[in-house]
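Throughout, our numbering is defined as the position within the sequence shown, counted from one, plus 30.
In what follows, a structure is listed as structure tokens, so that the remarks can point back to it.
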Amino acid sequence: MTAVDDARALLATLTDTPAAGVWSAPGRANLIGEHTDYNEGFVLPFAIAQRTAAAVALRDDDVIRVRSTFSDDAVEVALADLDARIAASGLDWAGYPLGVAWALRAAAPDATPRGVDIALASEVPVGAGLSSSAAIEGAVASAFNDVWGAGLDKVALARVGRTAENDAVGAPTGIMDQMASMLGEADAATFLDCRTLETRPVTLGFAEAGLAILVVDTLVEHAHSSGGYRERRASCEKGAAAFGVPALRDLTVDDLPRAAEILDDVTFRRVRHIVTENQRVLDTVAALDADGPRAIGDLLTASHASMRDDFEISVPELDLAVETALASGALGARMTGGGFGGAAIALLPTELVPAATDAVQAAFAASGFRAPNVFTVTPSEGARRDA
Ligand code: ADP
Ligand code: MG
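Take a look at the structure:
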């Protein structure tokens, strides 16, 4: 059963009205460019095959009712009460779909809001650094966009998702995940300039080169809305303010000697991660364009070292996943996502996937860590209408 089938089946338990449509959007893996998004820099994520689906039936009243396979209860809000319910917060998971409805209504004055039943199902593992949140936002935003006749383009829908996540859910994340989920293409990553929101698909060519991306989900839970993530953002803002620039995007590696002089040690290392990571994204795109995916391994591994040592967002499980993958023949490996848990990715020859998987499991067992989920991901298409 796919998420689309599951969403349809769940909708049938909510209402006898047939689905007006089913929309879906994928999770994403970030190939490189971590914590650069809110610094208005560069990122290079790709949409994965695992998707979240939203099956929608029209109602005769003005109630939005959402139900997910994650939860036994449906949540209902009248359109007239939506603003107040979002402001009151406390909606838990329903804050994602209802937050999207709220943000989309504000972003699309020409839309015609109406009541709907929405059933949600997902193949994207939650909290694994693969952005189940952007998947649910992308699926629901695409659904409301069509059902309400909002006519927004994919970039505008990505913004709606981000607004929902920031202002309705309260997680201060950047826009990378939503852009990757909305704009993904098969066999390509989305090169995104987070300042201008300009994008370009960059061909990855993993399969043709005999390579695969292995994900090691450590099952260590992260929480973006809490401490570490906010602290890192604050350090970045402090660094930019010290240079009198709007964002760390405006610094280059040539500014690092001066940064070392004027910043305290911790802030300097946070800044150095962002500045060098932006450069690594640009170098990765250039290497993919010129030489293909075998040329990017060292950049991925350097990114991990920078997150471990300078940005200090890795955890022992992620470091072990990266080290073990490299020792098993990976060309490069790094933690992906916001950090403090979640997943690592490794780029490796496809034939080494089984042995690397076994090696990672053995290393985790030997260290007394919980057995991770290890699986491959495939660069895939972004948000779409499925039916
Ligand atoms: P990540 O995006 O890395 O998976 P987040 O903490 O950003 O982790 O988002 C996960 C949250 O998104 C879940 O705890 C839940 O509230 C919500 N969510 C994601 N997918 C679904 C779904 N299919 N149904 C209901 N809620 C979902
Ligand atoms: Mg998320």
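Glycine included, C-beta positions come from ideal geometry on N, C-alpha and C.
Secondary structure at Phe405: strand, using DSSP grouped into helix, strand and coil.
Residue list for the ligand MG: Ser161 and Ser163 (CB closer than 5 Å to any heavy atom, chain order). Of Gly369, Gly191 and Ala376, the smallest CA-CA separation from Leu330 is found for Ala376. Residue environment analysis places Met206 among the buried positions, since at least 16 neighbouring C-beta atoms fall within 10 angstroms of its C-beta. Here the alpha carbons of Val311 and Asp321 stand approximately 15 Å from one another. Here the region 69 to 79 makes contact with the region 273 to 283; the two share three or more CB pairs at distances below 8 Å. Approximately 23 Å separates the beta-carbon atoms of Glu195 and Glu215; this is outside 8 Å, ruling out the contact. Secondary structure note for Ile116: it is in no beta strand (DSSP E), and the uninterrupted alpha helix (DSSP H) holding it is Leu112 to Ala118. Distance from the Cα of Ala171 is smallest, within the candidate group Ser333, Asp339, Ala84 and Glu228, for Ala84. The Cβ atoms of Ser152 and Thr43 lie no closer than 8 Å to each other. Within 7 Å of the C-beta of Ser152 there is at least one heavy atom belonging to the ligand ADP. Residue range Gly362 to Thr366 is occupied by the beta strand (DSSP E) that includes Met365.
Looking at the backbone, the Cα of Val190 and that of Asn175 are separated by about 10 Å. Taking a C-beta distance under 8 Å as the contact criterion, Asp91 and Gly57 do not qualify as a contact pair.
DSSP lists Ala83 and Arg414 as the bridge partner or partners of Ser54.
The C-beta separation of Gly51 from Arg415 comes to about 6 Å, placing the pair in contact by the 8 Å criterion. With a 10 Å radius around the Cβ and a threshold of 16 neighbouring Cβ atoms, Ile292 comes out exposed. Counting the other CB atoms within 10 Å of its CB gives Glu307 a total of 16 or more, which places it among the buried residues.
Asp247 and Pro323 do not touch by the CB rule: their CB atoms are close to 22 Å apart, not below 8 Å.
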